[in-house]
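In my numbering, the protein residues as written are 1308 to 1448. The beta carbon of each residue, even a glycine, is placed where N, CA and C say it ideally should be. Small disclaimer: the values here were computed from a predicted structure and weren't measured. Down below is the structure, laid out as structure tokens.
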Amino acid sequence: MSDDKASGTTADAPDDALAAAIAEDPEAVAAFVQRLDDVNELLDVLALATEAADDEMVSSVAGTAGSLGELADEAAEPETVRGAQTLLRALGDAGDPDTAYRGVGALGLLRALRDPEVKRGLAFLVALARGIGRELDRQDR
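Have a look at this one:
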């Protein structure tokens, strides 16, 4: 018998403590072991995800973030905000359930061209179409 065993401080002390914990509350120990298994599974998934995140994926995500940043910059421009607000308000007015719509034929369209609001709306749509055309030309270059 070694001196450690004689003094009561053996290497088996942690095993004895574990045996006592299991005997005292086996359900809690089982739940703890299950949580450890879950943590190990999460660590495995994290390791796989880390391995999968290669340089190309990181570059792609960074490029997407850059594009979103550019889009946010454009959306914050006062002209863009004003145009978007105009379109959204007009859509809200057009979608109002109290608005009555009736069929409009060719003569009705011609008559509508005399209405100042219709003229302004058409001018806005023409400016929008012109802007879209300019952007398409820029993209083609």
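Could you pull the start and end residues of the alpha helix (DSSP H) that residue i belongs to?
{"i": "Glu1384", "result": "From DSSP, Glu1384 is part of no alpha helix (DSSP H); its letter is neither H nor E."}
{"i": "Asp1405", "result": "Note, Asp1405: premise wrong, no alpha helix (DSSP H); not H, not E."}
{"i": "Gly1412", "result": "Premise fails: Gly1412 is in no alpha helix (DSSP H) and is neither H nor E."}
{"i": "Asp1447", "result": "1423-1447"}
Between residue i and residue j, what straight-line distance do the alpha-carbon atoms span, to the nearest angstrom?
{"i": "Val1425", "j": "Leu1417", "result": "11 Å"}
{"i": "Val1336", "j": "Val1365", "result": "41 Å"}
{"i": "Leu1429", "j": "Ala1379", "result": "28 Å"}
{"i": "Asp1345", "j": "Glu1377", "result": "41 Å"}
{"i": "Glu1331", "j": "Glu1358", "result": "42 Å"}
{"i": "Val1368", "j": "Ser1374", "result": "10 Å"}
{"i": "Leu1395", "j": "Arg1389", "result": "10 Å"}
If you compare alpha carbons, which of the options is closest to residue i?
{"i": "Glu1386", "options": "Arg1445, Ala1327, Ser1374, Gly1438", "result": "Gly1438"}
{"i": "Thr1406", "options": "Ala1397, Leu1414, Ala1413, Phe1339", "result": "Ala1397"}
Extract the residue ranges of the alpha helix (DSSP H) inside the segment 1321-1395, only unbroken runs of 4 or more that lie entirely within it. For the segment 1321-1395, whole alpha helix (DSSP H) runs of length 4 or above, ordered along the chain, are 1333-1359, 1362-1383.
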